[in-house]
Every structure is written in structure tokens, then in C-alpha cells.
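Asker:
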Amino acid sequence: MHYVFHFNVVWDHWRELAEGAWLTIRLSVLAMVIGLALATVCAYAKASGPRAVRLGVATYVEVIRNTPFLVQIFIVFFSLPALGISMDANEAALAAMVVNFGAYGTEILRAGIEAVSHGQIDAARALGLTRLQTFRHAVLFPALKIVFPALASQFILLMLASSVVSAISAVELTAVTNSLQSTTFRPFEFYFVAAGLYLFMALGFRAILGGVYWIVFVRGDRA
Amino acid sequence: MSAHLKHLVIAMLTALSTMLAIQPANAENTLEKILSAKKIRVAIDVANPPFGILDKSGQPDGSDVAVARQLAKDLGAEIEFVQVPSTGRIPALLAGRADVTIASISVTTDRAKAVMYCNPNGALSITIFAPQSVKIKTPADLVGKRVGITRATLEEATVPKMAPEGTKIVWFDDLASTVQALLSGQVDAAAMTAFAEKTVADANPAKQLENKLLVTTAFYGPIVRPGDFELRQWINTWLFVNAQNGTLATIYKKYTGVDLPPLPTF
């Protein structure tokens, strides 16, 4: 079997691909920021909340971490409208990504919080810091530094997993690629290029997150 | 970006793909391979009632599947079904995962640039349908409405052309998602084959779904890879014989409930 590759066809559609990649980036970054905030609240609640709240957070984390992302997206988009909660495809995609990242983030932060030495927390309390101040300065910040690489990896996984939101008609990179390959009949060219763009974005985000780590935790510590 | 850079990028990608390209196999053509291996791989889409479905025991069924089984039987070959979503019907064939795709692929001149059509084995209509409460009488009424369509289908090729500017077209990867979007109210209307609409409407009487607009009527047929003339010729011969002896009409009537219209050939 012989196949002649025609990459010129891909070039004709670079604008659509760029728009798709841009939505992928926006969804991923928003989901990371909001999801990290959610994870911080949940991790705090899990570490020092009342029993009922701890149980609630644990249930959320286990349910999300043990069900497929695609099914979670379908529930948000196709099932919630029956309960009167209707979101368009992009909102539903973002909501599902936030909830998903929040659960994994909670578990990663919990590991970081457990790694912070008790002496440090006692010292903060002895210095007269409130519970919230102690959590912020003596627990969360050092914990974030410990688990930052794990969070960064989880973020890359989230960005790559966002490809499945094309299933609910969000027009991100994979959706654009699917449409283009089905109208141009050039599946190999478009999927190769899409894979290349995902690789490029993943490496780019790794570099940016590495920079964030250096600025916040390395240079910040020295100051 | 400059023309130089564009050419450089294309040249690099082409060089890369040449390294990755699958080498030409031996001279035996696809028909000879099927006959000597006594096995034919048929790509089908089982999420497209009534042409391709899964029966209660999870086995492929539907008019396309019945045609494929009879074709394989007359070929004296064992059949291996390659189940693909609508978007995979042409890629599966081009990637060599299947010898032929029999999945109600409507004949369009665009698709014929990528694959070779055999003669048609059936006909279908694409219509837009919606709940009774949604007012759509003419194409102009689509303005401002969310209309769900499925990628890599005839509706994708026709609905965006007939819908006036201002129509919000929403793309899904498979028919099941398009149907689900309509039933959950995520789209106001959806376009699909009249047969699929009937299946959906009959299964959800409470939604009061009704036919609103006819988009197009088309013939569909099996497709083979470019250059597989011997296989195409055998399939065309099989289609001729089974159009004459009534097999195609019987299968079509059994699954769609309507008579098979006269099939043109090319």
C-alpha cells in the first residue's frame, strides 16, 4: 500500500487549527487556575475541617478519580440539563475539567501537606499565627513547593485529556482536526499535525511551569 | 509567515512522512488477497440506525451489515467487521484496516477524490427534525437556532450550505451524541437521515419530535481504496446480480420499512 502525504492541505487550514489550539490552551489554563483554587480549599477542608466535611471531600475525590473523564463530561453536558442546569459546550467542558483537576489536585496537595513537618506547624502556632495564617504560610506554601512537579504533570495530563471534550461539540484542537480530516479526507496529515501541536503545547507549558517554579519557590525563597 | 518558511515546513513534514510511509506491498491486488485468504475486512458503523446497529446480543446488524454478510458469503470469504465511528469510515479504509467500507456513505464528488465508489446499494434522505414546540417552517427559521449535526456525514456536507447565516451549527463526533444533545435540549434541532429520525422519534414519544425540513436525498454505496479496480468491479457485479434477484430490495425493506427506489449506476 502506498500513500502520498499532502501537507499543503494542512497549511491551507492553519488558521482553524490555531483557533482550536487557542481554545485548548484557554480551557486548560482556566481549568488549572480554578481547579487549583478548588483543590486548595478541599485540601484545607480535608486536613482540618469537621468530620462531615472531610467525608464529603473524600467522597468527591474518590468518585472523580475512579470514573472516566469522558463519562464525567457526558454527565455535565447531557445529564445536568435534565436537572435544570444547562451549560453550552465550552462551559460544560470547563466545568468538567475544573472538577476533574480539583479532585486530582486535592489528592496531590494532601500528599504535600502530610509531608510538611509537624514542628513547623507547631512553630507557626507558637508564633501566634491564626489557623488560616498557619495553613497559608507554614503548610500550603511549603506543600506546594514539594508537590509542584506532580501538579505540573497533572496539568499536562489535563491539557491532553481535554481532547475528549470534542465529544460534546466544544471546538478545541481535536474537534477542529476531526472536522478538517472529515471534509478534506486527509486524516494522516491532520492527525500528525495535531499530535505535533499537542507535543509543542505540552513542552511549552512544562517550560512555563518550570519558570513559575523558579520565580516563586527558588528566587522567592532567597528573597 | 513567509513563503520560504512555509515551503521549509512543508518540505520537512514531507520528508518526515516519507520516512514513516508504509512501503508498497507485493503486486497481489486486494481482491486476490481476499480470495486467497478467504477473509474480507469490512468497515461498518454500528451507531447509524437502521443501516448499522448492534442487536440485543451485541452483534452487528442493520441493512449495511446484512448486505456485507451476503456479499462475503457470495465471495466465499469469512467476514471480519471493523467497527468505526462515522468519522472513521474513510480513514479506516485508507489506513488499510479494512478492504471495503459498507456504511451508507452517500455518493459525493468530494469523497470521490479520496476513495472509489462502487455502485449505490441504497438511498437516504437527510432532514432536520425538532420537538413540535420549535418553530421551523422554512430554512430562514433556522437563524439563531442551535442545529446539531454529526461529523463526516452527508448532513455535515449539506446542512452548513443550506442553513442561512446566523444558524448556530453544532458538531458532534457520532450520531448518538447528536441525538443525546437533541433529547437533552442542548440543541434546538438536529439533522440526520429520515430513518434515524424515525427510530429516535419512536423511542421518545414524549418529546413530540417531528420532521421539519428536507435537506437532501442521496444514494449511498460501498467504497474501496483508490486503485482497487478489481475489487470494485467484483462488488459492482455483485450489486448488479443482487439488484436483479431482489436481494438488495428485500434487505432494504426489512430494515427501513420502505421500498428501495430504483438504483442508478455509474
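Protein sequence lines, in the order shown, are assigned to chains E and B.
So the first sequence is numbered by my numbering: it starts at 6 and just counts up by one.
So the second sequence is numbered by my numbering: it starts at 103 and just counts up by one.
Every residue gets a Cβ at the ideal spot worked out from N, C-alpha and C, and that includes glycine.
As the structure is a computational prediction, the values presented were derived from the model and not from experiment.
Determine contact between the stretch 294-312 of chain B and the stretch 189-203 of chain B, defined as no fewer than three beta-carbon pairs at a distance below 8 Å.
Answerer: Short answer: they don't touch.
Asker: I'd like the list of long-range same chain contacts for F197/E, defined as Cβ closer than 8 Å, with 5 residues on each side in sequence excluded.
Answerer: For F197/E, where only same-chain residues beyond five positions count, there are no Cβ hits under 8 Å.
Asker: Which class does A225/B belong to by DSSP, given the choice of helix, strand or coil?
Answerer: Strand, per DSSP.
Asker: Along the chain, where does the beta strand (DSSP E) containing K263/B start, and where does it finish?
Answerer: It is not in any beta strand (DSSP E) - K263/B instead sits in the alpha helix (DSSP H) that spans L256 to M264.
Asker: Sorted by chain position, which residues of the same chain lie with C-beta nearer than 8 Å to Y8/E's C-beta, five sequence neighbours on each side aside?
Answerer: The residues are F193.
Asker: What residue range is occupied by the uninterrupted alpha helix (DSSP H) comprising I118/E?
Answerer: Segment A94 to A120, the alpha helix (DSSP H) holding I118/E.
Asker: Between the stretch 236-259 of chain B and chain E, which residues of the former have a C-beta closer than 8 Å to a C-beta of the latter?
Answerer: Answer set for the stretch 236-259 of chain B: G250, R253, A254, E258 and A259.
Asker: In chain order, what are the residue ranges of uninterrupted beta strand (DSSP E) at least 3 long that sit wholly in the stretch 126-166 of chain B?
Answerer: Taking only runs of at least 3 residues, the beta strand (DSSP E) segments lying wholly in the stretch 126-166 of chain B are 141-146.
Asker: Measure from the alpha carbon of C220/B to the alpha carbon of each residue in T229/B, F274/B, V202/B and L226/B, then state which is nearest.
Answerer: The shortest Cα separation from C220/B among T229/B, F274/B, V202/B and L226/B belongs to V202/B.
Asker: Are the stretch 233-248 of chain B and the stretch 320-334 of chain B touching by the rule of at least three beta carbon pairs closer than 8 Å?
Answerer: No, because fewer than three Cβ pairs between the stretch 233-248 of chain B and the stretch 320-334 of chain B fall closer than 8 Å, the two stretches do not touch.
Asker: State the DSSP-derived secondary structure class of L73/E, mapped to helix, strand or coil.
Answerer: Reading the sequence as shown, one finds Pro at residue 73/E and not Leu. DSSP places P73/E in coil when its eight states are reduced to three.
Asker: Cα-Cα, which of L145/E, R136/E and N105/E is closest to L114/E?
Answerer: Closest option to L114/E, Cα to Cα, is L145/E.
Asker: Per the DSSP calculation, P250/B is bridged to which residue(s)?
Answerer: In the sequence as presented, Pro is not what sits at residue 250/B; that position holds Gly. Answer by DSSP bridge pairing, in chain order: V272/B and A292/B.
Asker: Would you say W27/E reaches chain B, if we count a Cβ-Cβ gap shorter than 9 Å as a contact?
Answerer: Not closer than 9 Å to any Cβ of chain B, the Cβ of W27/E fails to qualify, so no.
Asker: Can you list the residues of chain E that I112/B reaches, using a CB-CB cut of under 8 Å?
Answerer: In chain order: F12, N13 and W16.
Asker: Could you tell me which residues DSSP pairs with Y219/B in its beta bridges?
Answerer: According to DSSP, which records beta bridges pairwise, Y219/B is partnered with I325/B.
Asker: Quick check on DSSP: helix, strand or coil for H109/B?
Answerer: Helix at H109/B.
Asker: With the cut-off set at 9 Å, would you say E24/E and L185/E are in Cβ contact?
Answerer: No, they are not a contact pair.
Asker: Note down, in chain order, every chain E residue with its Cβ under 8 Å from the Cβ of T189/B.
Answerer: Ordered by position in chain E, the residues that pass the 8 Å Cβ test against T189/B are N183, Q186 and S187.
Asker: So if I threshold CB-CB distances at 9 Å, which residues from the stretch 60-90 of chain E count as touching chain B?
Answerer: Under the 9 Å Cβ criterion, the stretch 60-90 of chain E contributes F79, F82, F83, S84, L85, P86 and A87.
Asker: Distance, Cα to Cα, D212/B vs T318/B?
Answerer: Distance between the alpha carbons of D212/B and T318/B: 16 Å.
Asker: State the start and end residues of the unbroken beta strand (DSSP E) segment that holds Q185/B.
Answerer: Q185/B -> beta strand (DSSP E) spans E180 to Q185.
Asker: Are any of the Cβ atoms in chain E nearer than 9 Å to that of F231/B?
Answerer: Output row for F231/B: interface = no.
Asker: So with Cβ pairs under 9 Å, would you call I173/E a contact of chain B?
Answerer: At least one chain B Cβ lies under 9 Å of I173/E.
Asker: In chain order, what residues of the same chain have a beta carbon less than 8 Å from the beta carbon of V169/E, not counting five sequence neighbours either side?
Answerer: Cβ neighbours of V169/E beyond the five flanking positions: F74, L75, I78 and T179.
Asker: Does the beta carbon of K141/B sit closer than 9 Å to a beta carbon anywhere in chain E?
Answerer: So no, K141/B is outside the interface.
Asker: Determine the closest residue to S165/B out of R191/B, A225/B and S279/B, with distance taken between C-alpha atoms.
Answerer: It is A225/B.
Asker: By a C-beta neighbour count over all protein chains shown, 10 Å radius and 16 as the cutoff for buried, is M294/B buried or exposed?
Answerer: M294/B comes out buried.
Asker: Under 7 Å between beta-carbons, which chain B residues line up against F205/E? List them in chain order, please.
Answerer: Chain B residues near F205/E: none, gap ~13 Å exceeds 7 Å.
Asker: Distance cutoff 9 Å, beta carbons only. Does A100/E sit that close to anything in chain B?
Answerer: No, because no Cβ of chain B sits closer than 9 Å to the Cβ of A100/E.
Asker: Just checking, does the stretch 46-53 of chain E make contact with the stretch 198-210 of chain E on the three C-beta pairs under 8 Å criterion?
Answerer: Short answer: they don't touch.
Asker: According to DSSP, simplified to helix, strand and coil, what is E332/B?
Answerer: Helix at E332/B.
Asker: Checking 9 Å against the spacing of the C-beta atoms, do V62/E and T111/E come in under that value?
Answerer: Against a cut-off of 9 Å, the Cβ pair of T111/E and V62/E comes out as a contact.
Asker: Would you tell me roughly how many angstroms separate the C-alpha atoms of L35/E and I80/E, rounded to the nearest one?
Answerer: Taking the straight line from one Cα to the other gives about 20 Å.
Asker: When the distance is taken between beta carbons, is R253/B closer than 9 Å to T189/B?
Answerer: Closer than 9 Å, so yes.
Asker: Any idea what DSSP makes of S168/E, helix, strand or coil?
Answerer: In the structure shown, S168/E sits in a helix (DSSP, three-state: H, G or I).
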